[in-house]
Amino acid sequence: MIDSVTIKIGGEAGFGIMASGTMLARTFSRAGYYVLATNEYPSLIRGGHNLVTVRIATQKFEAMNRDLHILVALDAQTIELHKNEIDDHTVVLSDSETSVPFTRIVKEFGGDTVMRNTVAVGAAVALLGAPFDALSSVITDQFKRKGADVVKHNVEIAKAGYDAVKEKSMTLAPSEKKEDRLLVNASEAIGIGAVRSGLKFAAIYPMTPINALITFLADHAKRLNIVYKQPEDEIAGINMALGASLAGARSMVATSGGGFALMVEGLSWAGMIEAPLVIDLGMRPGPSTGMPTWSEQGELQFVIHAGHGEFPRIVLAPADAAEAYTLAVEAFNLADRYQVPVFLLTDKYINESQWCVPKSYMSGDVVIDRKAGRVIGQKGGFYIANSYEHDEDGHTTEKPEIRVAMAAKRLKKIEAMKKDIQPPQVFGDAEAEITFVTWGSTRGPVLEAMKMLNKKSRL
Numbered sequence: 202m203i204d205s206v207t208i209k210i211g212g213e214a215g216f217g218i219m220a221s222g223t224m225l226a227r228t229f230s231r232a233g234y235y236v237l238a239t240n241e242y243p244s245l246i247r248g249g250h251n252l253v254t255v256r257i258a259t260q261k262f263e264a265m266n267r268d269l270h271i272l273v274a275l276d277a278q279t280i281e282l283h284k285n286e287i288d289d290h291t292v293v294l295s296d297s298e299t300s301v302p303f304t305r306i307v308k309e310f311g312g313d314t315v316m317r318n319t320v321a322v323g324a325a326v327a328l329l330g331a332p333f334d335a336l337s338s339v340i341t342d343q344f345k346r347k348g349a350d351v352v353k354h355n356v357e358i359a360k361a362g363y364d365a366v367k368e369k370s371m372t373l374a375p376s377e378k379k380e381d382r383l384l385v386n387a388s389e390a391i392g393i394g395a396v397r398s399g400l401k402f403a404a405i406y407p408m409t410p411i412n413a414l415i416t417f418l419a420d421h422a423k424r425l426n427i428v429y430k431q432p433e434d435e436i437a438g439i440n441m442a443l444g445a446s447l448a449g450a451r452s453m454v455a456t457s458g459g460g461f462a463l464m465v466e467g468l469s470w471a472g473m474i475e476a477p478l479v480i481d482l483g484m485r486p487g488p489s490t491g492m493p494t495w496s497e498q499g500e501l502q503f504v505i506h507a508g509h510g511e512f513p514r515i516v517l518a519p520a521d522a523a524e525a526y527t528l529a530v531e532a533f534n535l536a537d538r539y540q541v542p543v544f545l546l547t548d549k550y551i552n553e554s555q556w557c558v559p560k561s562y563m564s565g566d567v568v569i570d571r572k573a574g575r576v577i578g579q580k581g582g583f584y585i586a587n588s589y590e591h592d593e594d595g596h597t598t599e600k601p602e603i604r605v606a607m608a609a610k611r612l613k614k615i616e617a618m619k620k621d622i623q624p625p626q627v628f629g630d631a632e633a634e635i636t637f638v639t640w641g642s643t644r645g646p647v648l649e650a651m652k653m654l655n656k657k658s659r660l
């Protein structure tokens, strides 16, 4: 038996690679294992090699490792692309009679070619020695909206893949399920945190890698009593969100670097009129269009300094899905408390990876801080949201003494914000000879590397 296993499933786009990774991750998450699933795909409208990597372990871990225990190849290209990762301990499941005949099984059951991924998941579950019922329940939940016949068909095909594996040589050690865990990505976690914090309006134009947030908000808007709008562009989006904010609604936008470039004038307007707004910026490699479907931490300086003139803002950078949830809650409270824009700086890695988060973590009490009042909509209240320099009532001014006073008023918030700045988290021995400094999504890989280094030093 083994305590940790890493599985890669690869194939041409259209093979349902990502769906297979989700099914596999959910199967073992529900069984009490710790799971992390990541994906890779090219920036193409159609075609290209898709890959999903799933790590499953009996103990909590922080990131992927370089091990490859099982490679599920839905086409020959997958083996060629990943042959350098295969060693004597790797099991390769390929579409062949000597391995697992994905295509033949699908044809025998009258399924579509894409259903080879379902056969593959069944085979992987069998290879790990897990009971088929664990996968069957996940398939049932995933397809139940399509009807009983679709559920039955997918379960049958998965079972055929499960039965095709003769040797269960990589049986996972039993897990100790102590509590239910949710399998979520950081975008979904931000959505949950935002809604629980009182989000009422979101205007988001689609842009990788924040699209999972759109899916979450759009799918559940009616049930959650929120308004989600897809604007014609990012300029309209931030202006719509600021309008909602001025009307008293907690609001947000989400985008990536190129989209945020269009939002910068709106950001400056938020700074001038002191309107609270949460901005989820999912970084990707730039400049310009860059590499839309890959990760990079290249936009920290951009968000810190974006906008013309000086005005305060807050930047938060979650390291995983759990922290994305807590910092989303914090972002809305800070935006309201100081009447400033607050950034959630994310990236493709955490936005699209699926993490295990204890269900209780996202269902506990949430403190909504509404210390800052609004005059809009209140009896006798009146305010002009003027993008020009203005006095405290919003009336345009060019008087030097008022300009100096208003600029000082806005910047004085920075002093107040300092009490909300948390000291850096320290992991491990604070007196160690070597210190790694990290922020955002790089924390997990660094912590995992520290474990490996500590283990090596003890040998």
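Positions 202 to 660 (this note's numbering) are the ones given, in order, by the sequence shown. Every residue gets a Cβ at the ideal spot worked out from N, C-alpha and C, and that includes glycine. Please read all numbers here as calculations on a predicted model, not as lab measurements.
What first and last residue would you give for the beta strand (DSSP E) that runs through residue i?
i, result
"Ile405", "Looking at the DSSP string, Ile405 is not in any beta strand (DSSP E), and its letter there is neither H nor E."
"Met453", "Arg451 to Thr456"
"Leu517", "Ile515 to Leu517"
"Glu286", "Looking at the DSSP string, Glu286 is not in any beta strand (DSSP E), and its letter there is neither H nor E."
"Lys209", "Ser205 to Glu213"
"Val479", "Leu478 to Met484"
"Leu294", "Val292 to Ser295"
Is residue j closer than 8 Å to residue i when the C-beta atoms are compared?
i, j, result
"Met464", "Leu400", "no"
"Arg256", "Thr207", "yes"
"Asn440", "Ala413", "no"
"Ala264", "Gly645", "yes"
"Gly211", "Leu269", "no"
"Ala520", "Leu546", "no"
"Met563", "Tyr589", "no"
"Glu475", "Arg611", "yes"
"Met651", "Gly629", "yes"
"Ala331", "Leu373", "yes"
"Gly362", "Gly323", "yes"
"Ile391", "Gly438", "no"
"Ile358", "Phe310", "yes"
"Leu478", "Leu443", "yes"
"Val647", "Phe637", "yes"
Can you tell me whether DSSP reads residue i as helix, strand or coil?
i, result
"Asp594", "coil"
"Leu275", "coil"
"Asp350", "helix"
"Pro542", "strand"
"Tyr429", "strand"
"Lys378", "coil"
"Leu535", "helix"
"Met219", "helix"
"Ile603", "helix"
"Asp420", "helix"
"Lys401", "strand"
"Val558", "strand"
"Ser469", "helix"
"Ser489", "coil"
"Leu225", "helix"
"Leu269", "coil"
"Leu528", "helix"
"Leu383", "strand"
"Arg638", "At residue 638 the sequence reads Val, which differs from the Arg that was named. Three-state result, Val638: coil."
"Gly578", "For Gly578, the predicted model reports a pLDDT of 49, less than 50, meaning its position is unreliable and no value from the coordinates is stated."
"Lys360", "helix"
"Leu245", "coil"
Within 10 angstroms of its Cβ, does residue i collect 16 or more other Cβ (buried), or is it exposed?
i, result
"Asn240", "buried"
"Trp470", "buried"
"Leu468", "buried"
"Tyr550", "buried"
"Lys360", "buried"
"Lys378", "exposed"
"Met202", "exposed"
"Gly578", "Below a pLDDT of 50, predicted positions are generally treated as unreliable, and Gly578, at 49, falls in that range; the measurement from the model is reported next regardless. Result: exposed."
"Trp640", "exposed"
"Lys620", "exposed"
"Glu500", "buried"
"Gln502", "exposed"
Please list the terminal residues of the continuous alpha helix (DSSP H) segment that includes residue i.
i, result
"Asn552", "Lys549 to Glu553"
"Leu373", "Unbroken run through Leu373: none, as it is neither H nor E."
"Asn240", "Here Asn240 belongs to no alpha helix (DSSP H); instead the beta strand (DSSP E) covers Tyr235 to Glu241."
"Arg256", "From DSSP, Arg256 is part of no alpha helix (DSSP H) but of the beta strand (DSSP E) over His250 to Ala258."
"Gly394", "Ala387 to Arg397"
"Asp342", "Phe333 to Phe344"
"Ser446", "Glu435 to Leu447"
"Val320", "Arg317 to Leu328"
"Leu654", "Arg644 to Arg659"
"Val307", "Phe303 to Glu309"
"Leu501", "Leu501 to His506"
"Ala617", "Lys614 to Met618"
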